[in-house]
Amino acid sequence: MTRTRDFHRFHRWTAKLRRRSLRSALPEPREGELQPTHPIREVRCREWQEDQLHDLVERDTSDVIA
515 MTRTRDFHRF HRWTAKLRRR SLRSALPEPR EGELQPTHPI REVRCREWQE
565 DQLHDLVERD TSDVIA
């Protein structure tokens with residue numbers, strides 16, 4: 515590669531690293547960034563509870579039929 519291309523490539527790479535470090539340091543959401551409507555932990559807990567409830571209902575219906 516030519517010296518100029520190497521120079522520009524290096525500076526693009528360092529700028530990318532700088533942007534990443536700055537983004538990770540920001541506590542608030544950035545403009546244009548999608549935010550989850552529900553925290554992941556709450557979604558997992560709710561899904562687990564619904565699954566457990568479904569299992570209980572399924573078990574009750576099988577006991578009534580048998």
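Sequence positions in the sequence shown follow our numbering and run 515 to 580. Cβ coordinates follow ideal geometry from the N, Cα and C atoms, glycine included.
Whole-angstrom distance between residue j and residue i, CA atom to CA atom
i	j	result
residue 530	residue 540	16 Å
residue 572	residue 558	21 Å
residue 518	residue 526	12 Å
residue 574	residue 555	29 Å
residue 563	residue 551	19 Å
Contacts around residue i, its chain only, beta-carbon distance under 6 Å, and the 5 residues preceding and following it disregarded
i	result
residue 569	none
Mind pulling the alpha helix (DSSP H) runs of 4 or more residues that sit fully within the region 554-579?
-> 554-579
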